[in-house]
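In the numbering used here, the protein residues as written are 64 to 295.
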């Protein structure tokens, strides 16, 4: 047993597949990537996705990258490819009310657990974007900037981002006047002006300081004005 646990040997691989390829060579596959969209906004759900890609790269997935670096058109195109070619994928939604009840960080970690648990194929290893996720049934590793470093995380980031954007477009039809289809719930000047004029709607996160300020619902529980550079 001197060779256990196996020691990954990182070699050059196509695109973002290096880390996953090393884990698979060590017998730790299949590898699931997990990422979220919507931690920063003051309105709308947090959406978390888990994705297991096939062991071999496919040309149709060569454009995989951090979802925030891709255009909306490219994300939509890749979403269709990922959902067709992934060995397994799962997307879950944490609504604003649950985020208020348990906090954004706990919601994020719990959501990642749920996303992995809902995969139709059990992973042998999980790569998460930036956050350590205790309580997973298999070994896992947080990867800083993972959506730009591992294909499975990049795929998960696209699934989460596209799903959340679609949700926010639908919410804009249901609750017009806030501009959700444009800013997706982030703290843009247009959104903040609408929030001040109209007050919060049921999709706003009451635990965010700017929402609490206009609703008069008590002390600020959480830092709020998230830099737009963190959007996504």
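In this text, a Cβ means the ideal position worked out from N, Cα and C, and glycines have one as well.
The count of Cβ pairs closer than 8 Å, one atom from the segment 213–229 and one from the segment 131–146, reaches three, so the stretches are in contact. Per the Cβ contact rule, the segment 199–214 is in contact with the segment 94–101 (3 or more Cβ pairs under 8 Å). With a cutoff of 7 Å on beta-carbon distance, residue 104 and residue 248 are scored as near each other.
When the beta-carbon positions are compared, residue 206 and residue 214 stay at least 7 Å from each other. Short of 7 Å from the beta carbon of residue 259, and not among the five residues preceding or following it, lie these beta carbons of its own chain, in chain order: 277. For residue 96, the pairing in a beta bridge is given by DSSP as 114, 190.
DSSP places residue 155 in the strand class (E or B) of the three-state scheme.
For residue 252, the uninterrupted alpha helix (DSSP H) segment begins and ends at 252–261. Here residue 110 has 100, 101, 156, 223, 226, 227 as same chain residues with Cβ atoms under 6 Å from its own Cβ, once five neighbours each way along the sequence are excluded. Spanning the alpha carbons of residue 233 and residue 163 requires a straight line of approximately 22 Å. Apart from sequence neighbours up to five positions away, the residues of its chain that approach residue 192 with a beta-carbon distance below 6 Å are 98, 209, 210, 216, ordered along the chain. Taking all protein chains shown into account, residue 122 has fewer than 16 neighbouring C-beta atoms within 10 Å of its C-beta and is therefore exposed.
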